[in-house]
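Report on the following structure.
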């Protein structure tokens, strides 16, 4: 499989426990999620670059009514989870599951909390996928 | 990017109609659309011949998933007797209606059409809530946002968390938005939840008494809104009463070239500004406490109209969640960033306040049939500007008004400015 700038390649890297962004080789713009075309200089000369995995919490929700996929994992009103947006040390942001926080006590969760990357394995066989997460340090 | 600052032809609204908003197990999307069209037909002061309609634009998010019906524009056209006219569906999530309006404006402005029917509908309540949540989530980025566990309440909760951190908003500020919008909705006979929060609470107490169940001990609406059982958390900090409901409904308006408006009414409302912009997923934005597409769409609409935010007398804004109304009021320039959250509590955005917002009850109380909402907003300002809003008519004269319709978390935004000439 070539490393085209597609979500499939991004997910393949994720399966290898690598969070990969895209860097424009012309203007240096860094993009996460990756982009095939630089929105600043419109160059398509893009390269993959691995992110450090160090981040801080930029925004979050403690989710008490989740989508059916998370309900199937056992999350519900009595067992909420945290979804968030993290800002990586490289300055780009991405959506991720947030681990190590008390979603039942959302007031205890603080924006700016330092986080480190975690890869969650979900499903089996053909359904197997890696979910991007960040956990408190 | 180059946006023309004026329309080559002026456009007027001469008729408007909407179905009742609510949960209607026995009605399909097309039934609701017919209901809205019938009211529209009766609303045109000097009457009209539907045969004069040149084109139809229909806003709809997902009748495909909600009703198993795709390709719905010709079906709506047929249901109201308008085949073989051009009928086009617009899908931009919750902004579908507002974008359909803009397409109608452009059809007339281009000279291709003189009279356009703009409608929107959504029939949402046939699916169980979990499936509705999944269907709505498809309006987010399904590759990068949804796998992280985001739902729509969660997206807006995340924006609220960032806003709280930055500006000091408390959940009670959001409750004031819900109280205001329910107070307005209680005066709107078309509203899904046309009841004030105190009356809602009282209804629950009466029901408990009648059924010989334990009677809740709420002393006032604040006890009720803070009760985890009565007002459960959906996605912290948002509770049930911070969220717009799942709704069935349809709405439509009739646009004509302004130079023909007096054939149909002596009281036309002119669309003098139209703006639309797109945005990235939430995590890709520099700012999490505002919606860039809304700011740009508003700027375009203001420039085209030649007015400022201060000139606008009333606005219907996209309060899919209470926090969204606060952010909208800042993005539109009504209030400085970081100050909008106190305006409901202070009464500024109340019906009798200096800047009434969501006099219809908003999406929160009137209901949010996704594809219809952007059109129903227009109906409210049309009524208010004509002095036909009944019990919820604002005390001040309304020569200028605005609608603000958002798709997703702000990946689409359409803003329109209206004038009574």
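Residue numbers (my numbering), protein chains in the order written: chain D, 65 to 201; chain Y, 31 to 451. Ideal placement from N, C-alpha and C gives every residue a C-beta, glycine not left out. All values reported here derive from a predicted model rather than from experimental measurement.
Could you tell me the distance, in whole angstroms, from the CA atom of residue i to the CA atom of residue j?
i              : j              : result
residue 95(D)  : residue 158(D) : 10 Å
residue 327(Y) : residue 306(Y) : 5 Å
residue 435(Y) : residue 132(Y) : 11 Å
residue 170(D) : residue 59(Y)  : 39 Å
residue 223(Y) : residue 236(Y) : 18 Å
residue 337(Y) : residue 290(Y) : 24 Å
residue 122(D) : residue 175(D) : 6 Å
residue 65(D)  : residue 106(D) : With a pLDDT of only 48 at residue 65(D), under 50, the local geometry of the prediction cannot be trusted, and the value read off the model is given with reservation. C-alpha separation (whole angstroms): 25 Å.
residue 118(D) : residue 378(Y) : 43 Å
residue 93(Y)  : residue 249(Y) : 42 Å
residue 71(D)  : residue 112(Y) : 43 Å
residue 213(Y) : residue 391(Y) : 7 Å
residue 154(Y) : residue 95(Y)  : 9 Å
residue 153(D) : residue 137(Y) : 48 Å
residue 372(Y) : residue 161(D) : 31 Å
residue 268(Y) : residue 358(Y) : 17 Å
residue 303(Y) : residue 281(Y) : 21 Å
residue 76(D)  : residue 110(D) : 18 Å
residue 183(Y) : residue 245(Y) : 30 Å
residue 348(Y) : residue 166(D) : 31 Å
residue 265(Y) : residue 127(D) : 4 Å
residue 35(Y)  : residue 334(Y) : 5 Å
residue 363(Y) : residue 340(Y) : 8 Å
residue 130(Y) : residue 145(Y) : 14 Å
residue 200(D) : residue 173(D) : 10 Å
residue 191(D) : residue 185(D) : 10 Å
residue 67(D)  : residue 73(D)  : 6 Å
residue 427(Y) : residue 382(Y) : 11 Å
residue 138(D) : residue 129(D) : 11 Å
residue 416(Y) : residue 299(Y) : 8 Å
Under 8 Å by Cβ, that's how I've got residue i and residue j pegged, so tell me the actual separation to the nearest angstrom.
i              : j              : result
residue 62(Y)  : residue 45(Y)  : That belief does not hold up - the Cβ atoms of residue 62(Y) and residue 45(Y) are roughly 17 Å apart, past 8 Å.
residue 90(Y)  : residue 150(Y) : 7 Å
residue 292(Y) : residue 141(Y) : Not really, about 20 Å apart at Cβ, beyond 8 Å.
residue 125(Y) : residue 444(Y) : 5 Å
residue 397(Y) : residue 52(Y)  : 6 Å
residue 124(D) : residue 99(D)  : Between residue 99(D) and residue 124(D) the Cβ distance is about 25 Å, and since that is not below 8 Å, they are no contact.
residue 424(Y) : residue 127(Y) : No, residue 424(Y) and residue 127(Y) are not in contact; Cβ-Cβ is about 22 Å, not under 8 Å.
residue 308(Y) : residue 441(Y) : 6 Å
residue 228(Y) : residue 251(Y) : 5 Å
residue 149(D) : residue 313(Y) : 5 Å
So who's on the other strand from residue i, going by DSSP bridges?
i              : result
residue 154(D) : Residue 154(D) is not bridged to any residue.
residue 145(D) : 127(D)
residue 145(Y) : 286(Y)
residue 178(D) : 120(D)
residue 273(Y) : 351(Y)
residue 185(D) : 194(D)
residue 96(Y)  : DSSP, once it has assigned bridges, lists no residue as partnering residue 96(Y).
residue 87(Y)  : 118(Y) and 148(Y)
residue 84(D)  : 114(D)
residue 266(Y) : 126(D)
residue 435(Y) : 444(Y)
residue 30(D)  : In the structure as shown, chain D starts at 65 and stops at 201, and residue 30(D) therefore has no counterpart that could be examined.
When you compare each of the options to residue i by their alpha carbons, which one comes out closest?
i              : options                           : result
residue 147(D) : 81(Y), 188(Y), 113(Y) and 169(Y)  : 188(Y)
residue 403(Y) : 78(Y), 297(Y), 47(Y) and 259(Y)   : 47(Y)
residue 200(Y) : 331(Y), 118(Y) and 370(Y)         : 370(Y)
residue 342(Y) : 351(Y), 350(Y), 348(Y) and 332(Y) : 332(Y)
residue 262(Y) : 114(D), 140(D), 133(D) and 163(D) : 140(D)
residue 84(Y)  : 100(Y), 107(Y), 67(Y) and 323(Y)  : 107(Y)
residue 42(Y)  : 100(Y), 381(Y) and 147(Y)         : 147(Y)
residue 216(Y) : 88(Y), 394(Y) and 407(Y)          : 394(Y)
residue 204(Y) : 426(Y), 270(Y) and 427(Y)         : 270(Y)
residue 135(Y) : 156(Y), 253(Y), 87(Y) and 382(Y)  : 87(Y)
residue 116(Y) : 139(Y), 97(Y), 129(Y) and 143(Y)  : 143(Y)
residue 320(Y) : 167(Y), 253(Y) and 192(Y)         : 192(Y)
Quick one: give me the first and last residue of the beta strand (DSSP E) that residue i is part of.
i              : result
residue 391(Y) : Careful: residue 391(Y) lies outside any beta strand (DSSP E) and carries neither H nor E.
residue 416(Y) : Unbroken run through residue 416(Y) is the alpha helix (DSSP H), 400 to 416; no beta strand (DSSP E).
residue 448(Y) : 442 to 450
residue 207(Y) : Segment 201 to 215 is the alpha helix (DSSP H) holding residue 207(Y); no beta strand (DSSP E) there.
residue 48(Y)  : 41 to 48
Which two residues bound the contiguous alpha helix (DSSP H) that contains residue i?
i              : result
residue 334(Y) : 322 to 335
residue 306(Y) : Counting along the chain, residue 306(Y) falls outside any alpha helix (DSSP H), though it belongs to the beta strand (DSSP E) covering 299 to 308.
residue 105(Y) : 103 to 109
residue 345(Y) : Note, residue 345(Y): premise wrong, no alpha helix (DSSP H); beta strand (DSSP E) at 344 to 346.
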